[in-house]
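**Student:** For the sequence shown, our numbering begins at -14 and goes up steadily by one. Every residue gets a Cβ at the ideal spot worked out from N, C-alpha and C, and that includes glycine. Let me begin by handing over the structure; questions about it come next.
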Amino acid sequence: MIFKRKRKEEQNIINCANLQYRKAVDTADLYMKSKEYTITEKQILLDYMIDIIKRDIQSEYIADLFYHDEAKTMRMPMFPEIYYDKDGKEHELKFSENQEISLKEKCVITFPWERKRMSDNIINIVKNGFKNYPINHDVYYYKELNICQVLNGNHSIATGIYTQKGTVLAKVIDMKPLFENIETDGEYFYNIYNGVRIREVQDFRVAVIFEIAKMKDKLENEMEP
C-alpha cells in the first residue's frame, strides 16, 4: 500500500512537470509564430524566458538545502554528451579551451548538498573572499544558453554566487550539434532521426530552455544573409 501511494505521488509529480513543460514550450512557440513581433522582438521574448527559467533553477537548487534532509541535485551534465547523426554515427560533444566565468555576471547552477559544508564555506568566503581551485572545481559552460553547471565544488561556488565575487574556469560546450540532432518531450532526450531515447531529463526546466534555445537558434539562422 505504501509503495503504491509513493508510486502514485511520483507519477503525479511527473505529470505536473510534463504539463509545465508543455505550457512553457507552447508559450515560446506562440511568440515564434506570432506575426505581431519582428524577429528581433521574438529574440527578446525568448531571451527573457530563458533568463527567468535559468534564475528559477539556480535559486531552487541552492535553497533546497534548507528545506529537505536530502537536497536536490543533478548528478550528470544537464544535457547529453553524445548524439547521433542522420547516418547513425555516434559523436561526443567537444569542449573548447577553458573560459574564465564571473560568478556575478553569469548564471551558474550549483548543487550544495551538505549543511555543515555550506555554512563553513559561507563563513570562510564572506570573511576571506572566494578563491578558484581548478583542481577541485569542475564547471561546464553551455555557450548558446549562457549558463554554467557545477559538477564539483558546489558548496564554495554556491557561496561565491551569493557574494557575487570571484571567477571560475569552465569548459566551454558548443550546443549547436545537439540542436541539430536531439529533441525532447520534457521527460527524455531523443535521437531526432529515429526517436530512440538517449537519456532522461533531470529537470523539466532544463528541457524547456533547451527547446527555447533551439527556437532562438532558428531565428538567428533566419537573420543570416
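Classify residue 97 as buried or exposed, calling it buried when 16 or more other Cβ atoms lie within 10 Å of its own Cβ.
**Tutor:** Counting Cβ neighbours within 10 Å, residue 97 comes out buried, since at least 16 surround it.
**Student:** Locate the alpha helix (DSSP H) running through residue 163, then write down its first and last residues.
**Tutor:** Its alpha helix (DSSP H) spans residues 161 to 166.
**Student:** Report yes if the C-beta distance between residue 94 and residue 42 is below 8 Å; otherwise report no.
**Tutor:** Yes, they are a contact pair.
**Student:** Go to residue 44, then tell me how far its alpha helix (DSSP H) extends in each direction, as first and last residue.
**Tutor:** That run of the alpha helix (DSSP H) goes 24 to 52.
**Student:** Just how far apart, CA to CA, sit residue 3 and residue 170?
**Tutor:** In a straight line, the C-alpha of residue 3 is about 8 Å away from that of residue 170.
**Student:** At the level of alpha carbons, what is the spacing between residue 58 and residue 140?
**Tutor:** So the alpha carbons of these two residues sit roughly 12 Å apart.
**Student:** Quick one, which of 143, 174 and 91 has its alpha-carbon nearest residue 48's?
**Tutor:** Selected option, being the one with the closest Cα: 143.
**Student:** Do the CB positions of residue 125 and residue 134 come within less than 8 Å of each other?
**Tutor:** Yes, the pair counts as a contact, with Cβ atoms nearer than the cut-off.
**Student:** Going by C-alpha to C-alpha distance, which of 91, 136, 151 and 106 sits closest to residue 117?
**Tutor:** Checked all of 91, 136, 151 and 106; the closest Cα to residue 117 is 151.
**Student:** Please list, in chain order, all residues of the same chain as residue 70 whose beta carbon is under 7 Å from its beta carbon, the five residues on each side excluded.
**Tutor:** Contacts found: 76 and 166.
**Student:** Which one or two residues does DSSP pair with residue 76 in a beta bridge?
**Tutor:** The partner list for residue 76 (beta bridge, DSSP) reads 68.
**Student:** So, at 7 Å on beta carbons, what are the nonlocal neighbours of residue 174 in its own chain, with the 5 sequence-adjacent residues on each side left out?
**Tutor:** Cβ within range, chain order: 65, 167, 183, 184 and 186.
**Student:** Terminal residues of the continuous alpha helix (DSSP H) containing residue 115?
**Tutor:** It is not in any alpha helix (DSSP H) - residue 115 carries neither H nor E in the DSSP assignment.
**Student:** Do residue 109 and residue 122 have their C-beta atoms closer together than 8 Å?
**Tutor:** Not a contact, by the Cβ cut-off of 8 Å.
**Student:** With 16 other CB atoms within 10 Å as the buried threshold, where does residue 145 fall?
**Tutor:** It is buried - the Cβ of residue 145 has at least 16 other Cβ atoms within 10 Å.
**Student:** Since residue 29 and residue 92 are thought to touch, with beta carbons under 8 Å apart, how far apart are those beta carbons, to the nearest angstrom?
**Tutor:** Incorrect: roughly 17 Å between the Cβ atoms, too far for contact.
**Student:** Just the C-alpha distance for residue 153 and residue 82, rounded to the nearest angstrom, thanks.
**Tutor:** Cα-Cα distance, rounded: 13 Å.
**Student:** Can you find the residues in the same chain that come closer than 7 Å, C-beta to C-beta, to residue 207, ignoring five residues on each side of it along the sequence?
**Tutor:** Hits under 7 Å: 24.
**Student:** In the DSSP assignment, what residue or residues form a beta bridge with residue 184?
**Tutor:** DSSP lists 174 as partners of residue 184.
**Student:** Straight-line CA distance for residue 78 to residue 156?
**Tutor:** So the alpha carbons of these two residues sit roughly 11 Å apart.
**Student:** Hey, how far is the Cα of residue 160 from the Cα of residue 90?
**Tutor:** Between residue 160 and residue 90, the C-alpha separation is close to 20 Å.
**Student:** From the DSSP secondary-structure annotation, give me the bridge partner or partners of residue 123.
**Tutor:** Per DSSP, 137.
**Student:** Quick check on the burial criterion: 16 or more other C-beta atoms within 10 angstroms. Buried or exposed for residue 190?
**Tutor:** Classification for residue 190: buried.
**Student:** Relative to the alpha-carbon of residue 34, which residue among 45, 21 and 193 has its alpha-carbon at the smallest distance?
**Tutor:** Checking every option, the nearest Cα to that of residue 34 belongs to 193.
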